[in-house]
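Chains as they are written, first to last, in the numbering used here: chain A, 1 to 285; chain B, 286 to 396.
All residues carry an ideal CB built from backbone N, CA and C; glycine is no exception.
Here the structure is laid out as structure tokens; the discussion comes afterwards.
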């Protein structure tokens, strides 16, 4: 059950991150690089749909978890109780409405800023029921919610932006425009990664040092694996920025950069999967 | 070493979820007390009342919980009737806003 729950959470969060990061970067590129032809967005239509469909699955699994009985996820009364009587359920209703709007928006090609707001809000609302919120200093949950929300948004910008960049490389965009788009992504990406690391430190300090009981070995091991993967992502990003980007006019560099971006994106997906797993583990016992 | 690892891992965190731990109970676990008017359990975070609860059983396994359990934030209160001398067993389950469920139990003795 925990493996299925992890997959559902990963699918939901990764899909939303792809849509949010893509919409943010598209919005920035449209204003700063108007000559750039952006990909049509087939993948993000699928991602928006995946986020919508995985949301009720997450609700069902969470209800089963709360009830301590797997059968509860198929019990309409228990599901109704979960939706109406818990913070998670009430947040789910709001998030589900946003996800429906997001799907319409993606299909009808609404403005990128609107899509970014819809997907970003759906993403950040996950923080309301996070451990960081629950273990905020002095029970001041706004600290944990803000930190966790920024962590999700900046992670989303990184992953969604990478996916869009990979699309630009794959469709044979002229080198001068690719260089411009990559440089613009790098500018914002550096800010995003800095915030991601800072909020990560705050979240970890809150969760591990502020929680009850002793930290669990499994939680620390998975968190360590996640840290190692993020370090690898940062290393790839540095190689891209300082070694490959200056030589982008060369075909070999373009191919190497596309390969690195795909690897960085793949690592990002693994990081989100580990985060989904961590969300189901006990940080402390 | 333990704190060093914690600080190392603190470089990157995750939107993880907590568990509502039992912090304190009145009467305390394994204590000997006069018949309590209320049994109060304090958890580490606010509970979801719809999915949290507790039972009070006497030494013969009979449910003597009395009035319905009242949950207010991190506090869970049982109001049994007058308890006769003997060992009592409190079995609780808690769900925090994170949707994670914890179960536990403890005994106390009424003199």
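Open item on the list: Could you check whether the Cβ of residue 266(A) sits closer than 8 Å to any Cβ belonging to chain B?
Closed with: Counting from one through the first chain, the residue named residue 266(A) turns up at place 266. Chain B, which has no Cβ nearer than 8 Å to the Cβ of residue 266(A), makes this no.
TODO: On a CA-only basis, which of 154(A), 197(A) and 198(A) is nearest residue 296(A)? Give me that one, please.
DONE: A query on residue 296(A) cannot be resolved here, the shown segment of chain A reaching from 1 to 285 and no further.
TODO: Using the DSSP secondary-structure output, state which residues sit across from residue 363(B) in a beta bridge.
DONE: Locating residue 363(B) in the second chain gives position 78, where the first residue counts as 1. Residue 363(B) pairs with 324(B).
TODO: Flag residue 327(B) as yes if its beta-carbon sits less than 8 Å from any beta-carbon of chain A, otherwise no.
DONE: Your numbering for residue 327(B) matches position 42 in the second chain. Not an interface residue.
- [ ] Quick one: which residues of the stretch 2–22 of chain A get their C-beta closer than 9 Å to a C-beta of chain B? List them in chain order.
- [x] 13
Open item on the list: In the DSSP output, which residue or residues are listed as bridge partners for residue 377(B)?
Closed with: By 1-based counting over the second chain, the position of residue 377(B) is 92. According to DSSP, residue 377(B) bridges with 339(B) and 389(B).
Open item on the list: Taking 8 Å as the cut-off, does the stretch 247–265 of chain A touch the stretch 303–314 of chain B (at least 3 CB pairs, one atom from each stretch)?
Closed with: no
Task: Residues within the stretch 81–104 of chain A neighbouring chain B, beta-carbon criterion of under 7 Å - done: 81, 85, 86, 87 and 88
TODO: Could you check if residue 88(A) is buried or exposed, using at least 16 other CB atoms within 10 Å of its CB as the buried criterion?
DONE: To locate residue 88(A), count along the first chain from 1; it is residue 88. Buried, because 16 or more other Cβ atoms sit within 10 Å of the Cβ of residue 88(A).
Task: residue 10(A), DSSP secondary structure in three states - done: Position 10 of the first chain, counted from the first residue, corresponds to residue 10(A). Here residue 10(A) sits in helix by DSSP.
TODO: Could you please give me the residues that DSSP links to residue 247(A) through a beta bridge?
DONE: Position 247 of the first chain, counting from 1, holds the residue named residue 247(A). In the DSSP output, where bridge partners are listed per residue, residue 247(A) has none listed.
Task: Interface residues of chain A facing residue 314(B) [CB-CB closer than 8 Å] - done: Position 29 of the second chain, counted from the first residue, corresponds to residue 314(B). Under the 8 Å cutoff, chain A gives no residues; its nearest Cβ is about 16 Å from residue 314(B).
Open item on the list: Considering just the uninterrupted stretch of the alpha helix (DSSP H) at residue 176(A), what are its terminal residues?
Closed with: The count along the first chain starts at 1 and reaches residue 176(A) at position 176. Here the alpha helix (DSSP H) through residue 176(A) covers 175–204.
Task: Nearest neighbour of residue 156(A), chosen from 75(A), 279(A) and 47(A) [CA to CA] - done: What you label residue 156(A) is simply residue 156 of the first chain in a count that begins at 1. Nearest option by C-alpha distance: 47(A).
- [ ] Pair every Cβ in the stretch 40–54 of chain A with every Cβ in the stretch 6–17 of chain A, then say whether three or more of these pairs are closer than 8 Å.
- [x] yes
- [ ] Using 10 angstroms around the beta-carbon of residue 176(A), count the other beta-carbons present and answer buried if the total reaches 16, otherwise exposed.
- [x] Position 176 of the first chain, counting from 1, holds the residue named residue 176(A). Exposed is the call here.
TODO: Report the option in 238(A), 159(A) and 4(A) whose CA atom is closest to the CA atom of residue 269(A).
DONE: Taking the first chain and counting its residues from 1, one reaches residue 269(A) at position 269. Checked all of 238(A), 159(A) and 4(A); the closest Cα to residue 269(A) is 159(A).
Open item on the list: Which residues in chain B have a C-beta closer than 7 Å to the C-beta of residue 292(A)? List them in chain order.
Closed with: Here chain A covers residues 1 to 285 and nothing more, so residue 292(A) does not appear.
TODO: Give the interface partners of residue 73(A) over in chain B, defined as CB-CB distance under 7 Å, in chain order.
DONE: Residue numbering aside, residue 73(A) sits at position 73 when the first chain is read from its first letter. Correct list: empty, because the minimum Cβ distance to chain B is about 12 Å.
Task: Whole-angstrom C-beta distance between residue 378(B) and residue 338(B), which should lie under 8 Å - done: The residue labelled residue 338(B) in the question sits at position 53 within the second chain. The residue labelled residue 378(B) in the question sits at position 93 within the second chain. Indeed they touch by this definition, with Cβ atoms about 6 Å apart.
- [ ] Give the straight-line distance between the Cα atoms of residue 342(B) and residue 381(B), rounded to the nearest whole angstrom.
- [x] The count along the second chain starts at 1 and reaches residue 342(B) at position 57. The count along the second chain starts at 1 and reaches residue 381(B) at position 96. Rounded to whole angstroms, residue 342(B) to residue 381(B) spans 24 Å at the Cα level.
TODO: Identify the contact partners of residue 65(A) in chain B, using a Cβ-Cβ distance below 7 Å as the criterion.
DONE: By 1-based counting over the first chain, the position of residue 65(A) is 65. Correct list: 384, 385 and 386.
Task: For residue 335(B) and residue 85(A), believed in contact at Cβ under 8 Å, the rounded distance - done: Position 85 of the first chain, counted from the start, is the residue given in the question as residue 85(A). Position 50 of the second chain, counted from the start, is the residue given in the question as residue 335(B). Rounded, the Cβ-Cβ distance is 4 Å, consistent with contact.
Open item on the list: I'd like to know if the stretch 317–327 of chain B and the stretch 359–371 of chain B are in contact, where contact means that at least 3 CB-CB pairs between them fall below 8 Å.
Closed with: yes
TODO: Measure the beta-carbon distance from residue 6(A) to residue 280(A) and round it to whole angstroms, keeping in mind my assumption that it falls under 8 Å.
DONE: For the purposes of this step, residue 6(A) is identified with residue 6 of the first chain, where counting begins at 1. For the purposes of this step, residue 280(A) is identified with residue 280 of the first chain, where counting begins at 1. With 8 Å as the limit, residue 6(A) and residue 280(A) qualify as a contact, their Cβ atoms being about 6 Å apart.
Open item on the list: As a quick exercise: from 393(B), 389(B), 386(B) and 305(B), pick the residue whose alpha carbon is nearest that of residue 370(B).
Closed with: Here residue 370(B) corresponds to residue number 85 of the second chain, with the count starting at 1. Comparing Cα-Cα distances from residue 370(B) to each of 393(B), 389(B), 386(B) and 305(B), the minimum goes to 393(B).
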